[in-house]
Structures are given as C-alpha cells and as structure tokens.
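There are 2 protein chains.
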Amino acid sequence: MIVNITLPDKTTYDITIEQLNNIYFDTKVVVVTNPTVSGFHLDYLKNKLNAKELSIVTIPDGEQFKNMSTIDMILDHCFEHRLDRKSLLIAFGGGVIGDMTGFAASIYQRGISFVQIPTTLLSQVDASVGGKTGINNKYGKNLVGAFHQPKAVYIDPYFLSTLPKREFGAGVAEIIKMAVTFNKDFFLWLEQNDLTKEENIKIAIKKSVETKANVVIKDEKENGIRAALNYGHTFGHVIENETNYNTYLHGEAVGIGMIMANALAVKLELMNKDEEKRVKILLEKYDIPTSYKIKDIEDFYSHFFLDKKSLDNKIKFILPKSIGDCLITNEVKKEDVIEVLKGFN
Amino acid sequence: MIVNITLPDKTTYDITIEQLNNIYFDTKVVVVTNPTVSGFHLDYLKNKLNAKELSIVTIPDGEQFKNMSTIDMILDHCFEHRLDRKSLLIAFGGGVIGDMTGFAASIYQRGISFVQIPTTLLSQVDASVGGKTGINNKYGKNLVGAFHQPKAVYIDPYFLSTLPKREFGAGVAEIIKMAVTFNKDFFLWLEQNDLTKEENIKIAIKKSVETKANVVIKDEKENGIRAALNYGHTFGHVIENETNYNTYLHGEAVGIGMIMANALAVKLELMNKDEEKRVKILLEKYDIPTSYKIKDIEDFYSHFFLDKKSLDNKIKFILPKSIGDCLITNEVKKEDVIEVLKGFN
Chain A
1 MIVNITLPDK TTYDITIEQL NNIYFDTKVV VVTNPTVSGF HLDYLKNKLN AKELSIVTIP
61 DGEQFKNMST IDMILDHCFE HRLDRKSLLI AFGGGVIGDM TGFAASIYQR GISFVQIPTT
121 LLSQVDASVG GKTGINNKYG KNLVGAFHQP KAVYIDPYFL STLPKREFGA GVAEIIKMAV
181 TFNKDFFLWL EQNDLTKEEN IKIAIKKSVE TKANVVIKDE KENGIRAALN YGHTFGHVIE
241 NETNYNTYLH GEAVGIGMIM ANALAVKLEL MNKDEEKRVK ILLEKYDIPT SYKIKDIEDF
301 YSHFFLDKKS LDNKIKFILP KSIGDCLITN EVKKEDVIEV LKGFN
Chain B
1 MIVNITLPDK TTYDITIEQL NNIYFDTKVV VVTNPTVSGF HLDYLKNKLN AKELSIVTIP
61 DGEQFKNMST IDMILDHCFE HRLDRKSLLI AFGGGVIGDM TGFAASIYQR GISFVQIPTT
121 LLSQVDASVG GKTGINNKYG KNLVGAFHQP KAVYIDPYFL STLPKREFGA GVAEIIKMAV
181 TFNKDFFLWL EQNDLTKEEN IKIAIKKSVE TKANVVIKDE KENGIRAALN YGHTFGHVIE
241 NETNYNTYLH GEAVGIGMIM ANALAVKLEL MNKDEEKRVK ILLEKYDIPT SYKIKDIEDF
301 YSHFFLDKKS LDNKIKFILP KSIGDCLITN EVKKEDVIEV LKGFN
C-alpha cells in the first residue's frame with residue numbers, strides 16, 4: 001500500500017506500507033540507528049539496501065541522548081565520510097532516531113535529503129508524517145529543530161515482531177487518538193478488528209497516516225487544526241512531567257490524557273457517557289493504562305502553564321465532539337477542569 | 001528606496017535602503033550584536049526600535065566564534081527570555097552576525113522570524129539577500145546551516161560612516177563582482193560614479209541587491225545559475241586558505257580572485273584585454289588588492305579540490321564573458337589554469 005503526501009509547497013513523497021523490497025540509491029547513504037534496533041534488524045535492512053557507498057552511525061538509545069551532542073556525532077560521521085549535497089541519511093529506529101536524523105539532515109550543508117524507516121508502531125503512525133524534527137535541551141522537549149520533510153518513508157510491519165507489548169500499546173493509543181478526533185468510521189472499524197493481526201495493523205497504519213497527512217497538509221506549521229493532533233497531550237504532558245518521564249511511555253501518558261480529556265468533554269456536554277466508555281474499552285483492549293491518581297489537584301493544574309502551547313496564560317484543550325470530531329478551545333473555566341480532575345483523585 | 005523580494009514559494013519581504021525610521025514590533029524582540037557594532041551604534045538603533053519586550057544578546061566578534069557554541073549562547077538567551085513562536089530576532093552587525101542570527105532563528109522552536117539590519121557594506125550588498133545562514137566547524141566554513149529568509153531587511157548607509165576603509169573596499173569588490181557577471185550597464189555606471197558619496201552608494205547597494213535577488217529567485221538552492229555569484233571565489237578561497245584567513249578580508253581575496261578569473265577568461269578568449277584592464281582599474285580605485293604572489297603553483301592548483309563545490313574532482317570556474325555575462329564551467333584544462341597561475345608567480 002502506498003500513501004502519497006503532497007504538501008502545499010509541492011513537496012511530495014510516498015509512504016510505502018509493506019515488506020521492504022530492494023531499495024537502490026545512486027548516492028552516498030548513512031544509516032542512523034541505535035544498538036537495540038541495529039541488533040535486531042540491521043542485517044535485514046542491509047540485505048535490502050543498495051547504495052553507492054553505505055555507512056552506519058550508531059547513536060546511544062534513549063530520550064536522554066536526544067540532544068545537540070548526538071547531532072554532532074551524526075554530523076561528524078557525515079563530514080568524515082565526505083557526504084555531499086546529494087547524499088542521503090536514513091533514520092532507522094523509533095521516533096527519537098527519526099527526529100534527530102531529520103534535524104541533522106536539515107542542517108548538514110544547509111539541508112540534504114533523508115528517508116524514514118520507522119521501526120516502532122508509534123513512529124510508524126506518528127513520527128513519519130509531519131516533518132517535525134528536533135532535539136531536547138535543558139529548557140524542554142523538542143525546543144530546537146526544523147521542519148524538514150522526508151524524501152520517502154518505508155513502513156515494514158515486520159519490525160513490529162520484536163516490539164515489546166507495552167510499546168505496541170503506546171502506538172495503538174496514537175491510532176485510537178486519530179480515530180476519535182477525526183474519523184468515526186475508522187473508530188467503528190477499530191472496535192471490530194484486532195490490531196495484533198498483521199493484515200489489520202497495516203490497514204490501521206494506513207488509515208492513521210492518511211488521517212494525519214490530511215491534517216498536516218492543511219496546517220503544516222501548526223497555526224490551527226494541526227493542534228488537534230495533541231488530543232490527550234495537554235493532560236498527558238503533565239502526567240509525564242509529574243512521573244519524571246520514567247513511569248509511562250509517551251503513548252501511555254497520552255492514553256490516560258485522552259481519558260481525562262473525555263471526562264472534561266462529557267462535563268461540557270460535548271461527548272456522552274456511552275461514547276466515553278467505548279473509547280476506554282478500546283484502549284483497555286490493548287492494555288493501555290486508563291487510570292491515574294492525582295496527588296495534588298492544584299499542583300497538577302498549575303503544571304498546564306509550563307506547556308509551550310499554553311500562551312497568554314490560557315490552557316489549550318483538545319476535546320472530542322462525540323466521536324470523529326473535536327473542538328480546540330482555550331476557554332474552559334478553571335472550576336470545570338478542577339471538578340474533572342477530582343474524578344482522578 | 002525599497003526592493004521587494006518574492007521567492008517562488010511566495011515568501012516575500014522588503015529590503016529598505018534609507019535612514020532607519022521608527023520600527024515597531026508587537027512581539028518580543030532579541031537583538032543579536034557584537035561589542036564593536038554595539039559600541040558604535042546600539043544607542044542609535046534603540047532610539048528607532050520599539051518592541052513589546054526588547055533584549056540584547058552580545059556575542060564575541062570574529063569569524064572564529066562563528067560556531068555552535070555561539071548559537072547555543074543565542075538560543076539560551078531566547079529560552080531565558082521565554083521567546084515564543086511569534087517572537088523575532090534582529091541581526092545587527094556584519095555577515096557573521098547575520099549568518100548566525102538567521103541560523104539560530106531557523107532552529108529556535110523549529111523556526112521563528114528574523115530581521116536583518118546589516119552594518120557593513122559587504123553584508124548590506126551580499127549577506128542580506130539569499131537566505132543562506134550557518135556556522136563553521138572544524139571541517140570548513142558554512143558547513144552547517146539552513147536556508148531561512150528574513151522577514152525584512154533594513155539597510156541604513158549611516159552605519160558605513162564608522163566602517164574601516166579596507167572593509168568598505170571589500171564591500172565594493174562584491175558590488176563590482178555583481179556588475180561584471182550580470183549587468184554591463186551597472187558596470188558602466190560604476191566606472192562613472194564615486195561610491196564614497198552617500199547618494200551613489202545607496203544606488204549601488206540597490207542595484208547589487210536587485211541583481212543578486214534576480215539570481216536567487218531563479219535558483220534559491222544553488223543548483224545552477226546561483227553558482228555564478230561565486231565569481232572570484234574559486235581562486236579567492238585558495239588565497240584565503242593559503243594565507244590562513246588572516247591576511248585578506250574575504251572581499252579582498254575575492255577581488256584578487258576576480259583578477260585571476262579574468263586572466264583565465266582572457267586566455268580562453270571569453271574576455272578581451274581591454275575589459276580585463278577596466279575591471280582592474282575599477283578595483284584599484286577603491287584600493288582593493290589586485291596582485292598576489294603564488295609560492296608553489298602545483299600546490300595552489302591542488303587546493304582547488306578542497307572546495308565543497310568541486311565535486312567529482314572537477315573544478316568549477318565562473319568566468320566572465322566580456323562584461324555583464326558569465327560562463328559556469330568545469331571543463332577548463334589543467335594546462336590552461338597552470339599557464340594563467342604562472343602569471344602570478
């Protein structure tokens with residue numbers, strides 16, 4: 001299956017969702033990966049990949065290495081291998097690898113091409129569309145970076161065979177997010193099909209990628225509708241922050257955040273109790289956590305204001321309108337939010 | 001005088017060439033400058049500039065600080081002052097300040113706007129058009145960076161009043177470069193007018209900016225004709241390298257490089273002796289150096305291949321065709337180049 005993405009500035013690329021075929025590049029190619037992905041899958045990739053000159057740079061695994069020092073490691077490798085402006089980087093790993101490889105490609109000699117070969121479900125459905133690249137620093141996550149679109153994305157479900165069950169669930173949470181906010185038919189389909197079967201996960205990836213692409217095409221630089229992709233994130237970021245990023249995977253925190261956003265949507269009569277329950281059942285089907293105990297409600301509330309999206313002291317909430325549509329609002333009254341947070345106490 | 005630039009992707013901005021009027025920005029603004037420019041002109045700028053919140057970051061002066069550590073200094077200042085995606089950086093200085101401020105703006109929260117207020121003649125005619133931003137590293141000059149267009153450029157000839165005479169000449173060399181390669185009428189005008197007069201330098205800046213803009217619009221990412229802006233640079237880079245970047249200003253090395261390129265053009269019968277002489281006379285009118293003693297001709301020749309533009313072991317020469325037109329070629333025979341270099345021995 002192929003999904004073609006064409007952005008308003010005419011940038012165009014294909015997302016291919018199937019087992020990797022032989023790929024040939026008539027340029028120098030550097031594969032950026034980490035020891036975990038490399039251990040499982042590098043031989044598999046090398047067998048499929050032909051390039052004028054191929055080299056590998058292995059960077060340390062983990063969000064804590066998503067910084068400028070690691071970007072320098074990648075760039076140094078490129079300079080030492082004398083990559084020119086026609087050369088290519090391949091991101092081979094999860095979201096962290098994709099974000100960093102894209103950013104390195106965007107600044108090497110003022111920008112060269114890169115290709116995404118995402119190996120986690122989350123990066124397959126999420127990080128491979130949108131063009132956001134970047135790194136963290138002491139001030140926060142993804143605060144330095146660039147918009148840089150890939151030249152191509154290859155999604156091979158085979159890589160999911162070695163993915164831990166929790167990481168699979170975190171990816172499914174993003175898929176459910178896409179359905180709840182934008183696509184009711186897709187939600188109905190998700191209720192009826194088991195994503196652990198390969199033929200189904202391919203369809204779900206395709207539908208998620210198409211849904212996200214439609215949003216990104218309308219709003220590449222996130223001035224409007226693209227913010228809806230952050231459904232579950234307003235609450236999720238606070239949960240990640242409160243638990244020092246070491247308790248939940250990002251997709252899991254977003255899952256809990258969706259439950260909280262739904263409770264607020266029910267309170268504001270945007271969603272009914274039955275719809276709220278159906279989302280919860282779907283999340284729990286894949287063992288995605290749906291409960292969280294807030295220690296201090298006022299403290300939790302104050303954390304919303306640390307988010308870079310909460311400008312002018314207003315909190316931006318993405319709230320589902322029934323299932324398949326959503327409302328972006330920064331006009332929710334504090335008392336309503338507090339009332340909802342009390343349900344998680 | 002205003003020159004409007006509109007790029008193929010619809011990005012558009014104005015270059016205003018006149019004494020600064022009051023400028024008002026309804027956002028947070030950070031001015032990036034260095035101690036030299038700040039000492040002469042910061043009060044003048046502050047008097048003209050109004051912003052929602054204004055702060056200054058002063059970075060060390062000199063090409064040797066054009067690196068990632070200085071970019072981090074700028075970014076840290078922006079984070080500490082909590083700049084958001086609507087905030088603005090102002091580059092207030094020469095080409096180094098412009099290149100670094102533009103690069104910092106391009107990666108801060110995946111890209112914010114920046115404004116150029118260039119204070120040297122070279123940056124007024126050259127660095128303020130083209131969108132090239134970046135830094136040096138141990139592998140070479142401008143090897144890491146981005147294409148990022150300014151939101152506006154303000155060129156105030158008043159700043160030239162404190163510019164050392166050699167730096168003024170280096171800027172004039174770039175103006176002459178533009179005329180020789182692209183615009184015969186402009187060259188004739190330059191022969192007849194004294195650029196040390198303010199009314200003339202304004203016209204010369206305008207014509208240079210327009211000429212460069214026309215080239216950049218046709219070829220933003222330098223796949224073809226934009227390479228012609230490197231007239232004088234193929235030789236100039238070797239001269240800068242041989243003299244460890246501490247003997248000539250960049251514009252001066254380019255001036256000598258133009259003399260060498262012209263000699264090669266005469267040898268290949270693209271230009272006649274009289275035209276060659278007229279370019280030399282014009283350069284010497286502003287005390288731009290036109291002679292250079294090559295120590296070792298084979299060594300000089302081998303240095304051409306270190307240039308990132310000399311792919312596939314071919315040297316790219318930009319050679320004037322008469323005056324007002326030029327040829328981009330990588331087909332010049334080594335013996336012809338050597339023969340010409342012997343004239344500088």
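Just so you know, the protein sequences line up as chains A and B, in that order.
Heads up: the first sequence is residues 1 to 345, going by UniProt numbering.
Heads up: the second sequence is residues 1 to 345, going by UniProt numbering.
Note that the Cβ used here is the ideal one computed from N, Cα and C, for glycine as well.
Treat the numbers as computed from the prediction; the structure is a model and nothing was measured.
In DSSP terms, what residue i is bridged to
| i | result |
| --- | --- |
| I117 (chain A) | A:F92 |
| N137 (chain A) | A:G140 |
| E53 (chain A) | A:K28 |
| L327 (chain A) | A:L319 |
| N4 (chain A) | A:D14 |
| T58 (chain A) | A:T33 |
| F147 (chain A) | A:K132 |
| I23 (chain A) | A:L49 |
| Y108 (chain B) | A:V144 |
Bounding residues of the beta strand (DSSP E) (the contiguous stretch that carries residue i)
| i | result |
| --- | --- |
| T70 (chain A) | Looking at the DSSP string, T70 (chain A) is not in any beta strand (DSSP E); the run it does join, the alpha helix (DSSP H), is M68 to E80. |
| L160 (chain A) | Unbroken run through L160 (chain A): none, as it is neither H nor E. |
| L319 (chain B) | F317 to P320 |
| V153 (chain A) | A152 to I155 |
Closest by C-alpha distance to residue i, when choosing among the options
| i | options | result |
| --- | --- | --- |
| Q19 (chain B) | B:D76, B:I155 and B:G39 | B:I155 |
| M153 (chain A) | A:L89, A:S55, A:N50 and A:K314 | Reading off the sequence shown, one finds Val at residue 153 (chain A), where the question assumed Met. Measuring from the Cα of V153 (chain A), the nearest candidate turns out to be A:L89. |
| residue 354 (chain A) | A:K138, A:G62, A:N272 and A:V209 | In the structure as shown, chain A begins at 1 and stops at 345. Residue 354 (chain A) is therefore absent and cannot be evaluated. |
| residue 346 (chain B) | B:K138, B:K28 and B:H41 | With chain B covering only 1 through 345, there is no way to say anything about residue 346 (chain B). |
| M73 (chain B) | B:T58, B:E63, B:L83 and B:R82 | B:T58 |
| T101 (chain B) | B:F168, B:Q109, B:L75 and B:V332 | B:L75 |
| A263 (chain A) | A:H237, A:G232, A:A253 and A:E252 | A:G232 |
| N200 (chain A) | A:A227, A:N183, A:Q116 and A:P157 | A:P157 |
| L7 (chain A) | A:D325, A:P150, A:R110 and A:I217 | A:I217 |
| S258 (chain B) | B:T211, B:N67 and B:K321 | At residue 258 (chain B) the sequence reads Met, which differs from the Ser that was named. That would be B:K321, whose Cα lies nearest to the Cα of M258 (chain B). |
| L268 (chain A) | A:C326, A:P150, A:M1 and A:F300 | A:C326 |
| D194 (chain A) | A:K184, A:F182 and A:I175 | A:I175 |
| H81 (chain B) | B:K280, B:L54 and B:D99 | B:L54 |
| L122 (chain B) | B:H303, B:G95, B:I112 and B:F103 | B:G95 |
| K342 (chain B) | B:F305, B:L319, B:D299 and B:I318 | B:D299 |
| F40 (chain A) | A:A51, A:Q192, A:P164 and A:V340 | A:P164 |
| F186 (chain A) | A:I23, A:A204 and A:G171 | A:A204 |
| V340 (chain B) | B:A173, B:L229, B:I294 and B:R278 | B:I294 |
| H250 (chain B) | B:D14, B:N21 and B:E167 | B:E167 |
| D61 (chain A) | A:I15, A:A51 and A:P35 | A:P35 |
| E331 (chain A) | A:E242, A:N272 and A:N313 | A:N313 |
| T181 (chain B) | B:T196, B:D43 and B:K212 | B:K212 |
Supposed contact pair residue j and residue i - C-beta distance, whole angstroms, cut 8 Å
| i | j | result |
| --- | --- | --- |
| Y292 (chain A) | I239 (chain A) | 6 Å |
| T162 (chain B) | I97 (chain B) | With a Cβ gap of about 15 Å, T162 (chain B) and I97 (chain B) do not count as contacting. |
| N142 (chain A) | N67 (chain A) | Actually they do not touch by this definition, with Cβ atoms about 11 Å apart. |
| F79 (chain B) | Y139 (chain A) | 4 Å |
| N183 (chain B) | G324 (chain B) | 6 Å |
| A261 (chain A) | L319 (chain A) | 6 Å |
| F92 (chain A) | I117 (chain A) | 5 Å |
| I328 (chain B) | A227 (chain B) | 5 Å |
| I5 (chain A) | I15 (chain A) | 7 Å |
| I71 (chain A) | F103 (chain A) | 6 Å |
Residue i at chain E interface by Cβ criterion, 7 Å
| i | result |
| --- | --- |
| Q19 (chain B) | Included in the structure are the protein chains A and B, with no chain E among them. |
Endpoints, alpha helix (DSSP H) assigned at residue i
| i | result |
| --- | --- |
| Y301 (chain B) | I297 to H303 |
| N200 (chain B) | E198 to K218 |
| T181 (chain B) | K165 to F182 |
| N241 (chain A) | H233 to E242 |
| D336 (chain B) | K334 to K342 |
| V254 (chain A) | H250 to K267 |
| E284 (chain A) | K273 to K285 |
Residue i CB to nearest heavy atom of the ligand PLP below 6 Å
| i | result |
| --- | --- |
| A104 (chain B) | Among the ligands in the structure shown, none appear at all, so the ligand PLP cannot be discussed. |
Short of 7 Å Cβ to Cβ, which residues in the stretch 132-153 of chain A face chain B? K132, G134, Y139, L143, V144, G145, A146 and F147
At a Cβ cut of 9 Å, what residues of the stretch 102-115 of chain A count as close to chain B, listed as they run along the chain? F103, S106, I107, Y108, Q109, R110 and G111
Residues of the stretch 14-37 of chain B with Cβ closer than 8 Å to any Cβ of chain A, in chain order: none
Check each residue of the stretch 69-90 of chain B: if its Cβ is closer than 7 Å to any Cβ of chain A, include it; give the result in chain order. Cβ contacts with chain A: L75, F79 and D84.
Please identify, using Cβ separations under 8 Å, the residues of the stretch 1-14 of chain B that lie next to chain A, in order along the chain. D9
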